[in-house]
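*Asks:* Letter by letter, the sequence shown follows residues -31 to -1, 1 to 439 of mature numbering (1 follows the signal peptide of the UniProt record, and there is no 0). Backbone N, C-alpha and C define an ideal beta-carbon position, used for all residues, glycine too. To start, I am sharing the structure in question, which I have written as structure tokens.
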Amino acid sequence: MKQRGRHRRRRQGRALRAVLAGAGLALTAAATLISASQATVTDDPGALRPLTSAAELGGLRLTEQPVPARSLDRLAAAMGRPVDAGAVLGDPDRTLRDADDCTGTERRALPVEPSATRAYCWDTKDTEDAENTDTREWRPQSVATSGDTDGGSRWGAHQVILSGWTHRGDDADSRRMARVAFVDADDPARLTYTWALLAVPVDGGRDYRALASRVSGMVRYQDKLLVTASGDGQQALYVYDLRRIQRATVTEDAVGKVPGGWSAHGYRWVLPAVASYRPAEGTCGRTAGAGGTADTSRASRASGGDGVAPACPSSLSLDSSSAPDSLVAGETTRTDGDRRTRLWRYSFSADPARSGLLAADSTGTVRAQEAYETDAPGVRGVLSHRTGPAGHTDWYLGRTAGKRGGHGTLWRQDTQGAEATECGTSDDTHRCWGDGVGSLSYAPATGELWSVSGRTLFAVPLSALEHELH
């Protein structure tokens, strides 16, 4: 552990290892030049600092707000009987392209070291099209894979991966939306998917609106999908029931009830939220846009007299190595600011009647079970994983490249220090992770770490990452 804060030094002239195993895909020379130009990085975030005071932990409390059952029942009565995720996965209309069919731009978004062993690019109908404004406005930002360890990687007969996308636009934009790709990953050589729009019931279940949020973090646990709600009112998280998916009946650009039926921006499926979590004290501030970092100034002003900002997570992941299983959360702070980034976790409920929901007391209050601060700004992905008989916990942080642009970094931190993978030809080059890094998701069934970068969906074995870090 004494070596945690130190980084390996590699000999001058070491070539980039940029081969996508199994696909025969090599990164282009341009990617190599980008990495080499980002030679010296001195932004070591150091050790995690535990947060233990009542004031520090109090700012992370959430209040659960279920959507009334009568509202959901009214919506289902009008739209038709809900279906579960199996029906959506079994009716795909898109196919992910294999790594060999990705464009050079898409390939350059992949991590440099360790290299991805699996990579896919979205159907050309969903990639950037200069003649399709709506296509250009959608960006993938999050991924959810394994769920809980008891068969959580599957839904019925299907191996499932979920990816959250955000429609770019400022917070006041009426076209700000969020959607989820339901990916059937049964055949690794041919992943298929289809879209569902995320929505929020309104008017007592007589209508619904689009979720106006950046889905920069998402977790699937048991039968629920939890997503970040930055930019959507005063909520911190929204909850969706994967057994309660509604079918749209009208193919229009509109969202909600329209003459002749129900529309979901042209998609066939819509998920109405079944619950939300808001900060127990204060409100979540707006964001700087789909690609920006969180503006927490409003949240800080809205906090209590202790000056602790409320919980407004921008990244999420599932830690099934904890006991009980827990939701890991992190916030994004500005790279040019002086606020430290907080990382924390909530336990999931053990009550079978509350499957997929967070553990709450009789007042609906959810409390953080563990929290830390880090000097790392620009965090877009957070993952916690417990290893060894002593239960040592490592925290993995995916960070943007900041103003430098190009590839981001992936740091492993604990209370002793931090370390990152190295690449390039200099002594201290850590910008080896994805370009346009997204959330992180660990799949215990396969031992893979999944993420999205640019318009690529990729997996890296956690063992390969650990090998590079050691």
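1) Just the Cα atoms here: how many angstroms apart are Asp222 and Ser185?
2) Can you name, in chain order, every residue of its own chain whose Cβ lies under 7 Å from the Cβ of Thr334, other than the five neighbours on each side?
3) Using 7 Å as the threshold, is the C-beta distance between Thr304 and Thr310 below it?
4) Work out the CA separation of Leu26 and Ala328 for me, nearest whole Å.
5) Spell out a yes or no on whether the stretch 186 to 193 and the stretch 86 to 93 are touching, meaning 3 or more CB-CB pairs, one atom from each, closer than 8 Å.
6) Could you tell me which of Gly125, Ser132 and Trp231 sits nearest to Arg175, measuring between CA atoms?
7) Give the single residue among Thr93, Tyr246 and Glu82 whose Cα lies nearest to the Cα of Glu75.
8) How would you call Ala8, buried or exposed, if buried means at least 16 neighbouring beta carbons within 10 angstroms?
9) Measure the C-alpha to C-alpha separation of Ala124 and Asp307 and round it to an integer number of angstroms.
10) Take Gln204 as the anchor and find which of Thr135, Ser283, His136 and Tyr365 has the nearest alpha-carbon.
11) Cβ of Ser245 within 7 Å of Cβ of Gln34?
12) Looking at the strands, I want to know which residues DSSP matches up with Thr425.
13) Starting from Thr356, follow the beta strand (DSSP E) in both directions and report where the run begins and ends.
14) For Glu339, which residues in the same chain have their Cβ closer than 6 Å to its Cβ, ignoring the five residues on either side in sequence?
15) Using 10 angstroms around the beta-carbon of Ala154, count the other beta-carbons present and answer buried if the total reaches 16, otherwise exposed.
16) Kindly list the residues whose CB is nearer than 6 Å to the CB of Val208, restricted to its own chain and excluding five residues on each side of it in sequence; keep chain order.
17) Does the Cβ-Cβ distance between Gln382 and Trp364 come in under 7 Å?
18) Do Ala147 and Ser111 have their C-beta atoms within less than 7 Å of each other?
19) Does the separation of the CB atoms of Thr163 and Arg424 fall below 7 Å?
20) CA-CA distance, residue 452 and Asp344?
21) State the Cα-Cα distance for the pair Ser291 and Thr356, rounded to the nearest angstrom.
22) Rounded to whole angstroms, what's the CA-CA distance from Ala370 to Leu41? Just pull it up for me.
23) From what residue to what residue does the alpha helix (DSSP H) around Ser40 run?
24) Taking its Cβ as the centre, do 16 or more other Cβ atoms sit within 10 Å of Ala150, making it buried, or is it exposed?
25) Under 8 Å Cβ to Cβ from Val227, same chain only, skipping five residues before and after it: list those, please.
26) Is Leu20 helix, strand or coil by DSSP?
27) Pull up the distance between the alpha-carbon of Ala168 and that of Ala179, whole angstroms please.
28) Tell me, please, which residues DSSP counts as bridged to Asp288.
29) What residue does the beta strand (DSSP E) around Leu240 start on, and which one ends it?
30) Taking Cβ to Cβ, would you say Ala113 is nearer than 7 Å to Val188?
31) In angstroms, rounded to a whole number, what distance separates the CA positions of His127 and Leu211?
32) DSSP state of Val171, grouped into three classes?
33) With DSSP run on the structure shown, which of helix, strand or coil describes Gly(-8)?
34) May I have the straight-line CA-CA distance separating Arg159 from Tyr177, to the nearest angstrom?
35) Cα separation between Arg237 and Val429?
36) Taking 7 Å as the threshold (C-beta atoms), are Trp91 and Trp134 in contact?
*Replies:* Result, derived from the coordinates:
1) 24 Å
2) Arg30, Thr32 and Ala249
3) no
4) 16 Å
5) no
6) Trp231
7) Thr93
8) Because the pLDDT of Ala8 is 35, which lies under 50, any placement of that residue in the model is unreliable, and the number read from its coordinates should be weighed accordingly. Counting Cβ neighbours within 10 Å, Ala8 comes out exposed, since fewer than 16 surround it.
9) Looking at the sequence itself, residue 124 is Trp, so the reference to Ala does not match. Their backbone Cα atoms lie some 43 Å apart in a straight line.
10) Ser283
11) yes
12) Cys90 and Ser422
13) Val348 to Thr356
14) Arg314
15) buried
16) Lys193, Leu195, Val243 and Ala244
17) yes
18) no
19) no
20) With the chain running from -31 to 439 in the structure shown, residue 452 is simply not present.
21) 10 Å
22) 42 Å
23) Ala38 to Met48
24) buried
25) Val219 and Glu221
26) coil
27) 4 Å
28) Ser295
29) Trp238 to Pro248
30) yes
31) 14 Å
32) strand
33) Any reading at Gly(-8) must be qualified, since the residue scores a pLDDT of 40, below 50, and its modelled position is unreliable; the value itself is stated next. Correct three-state label for Gly(-8): coil.
34) 34 Å
35) 32 Å
36) no
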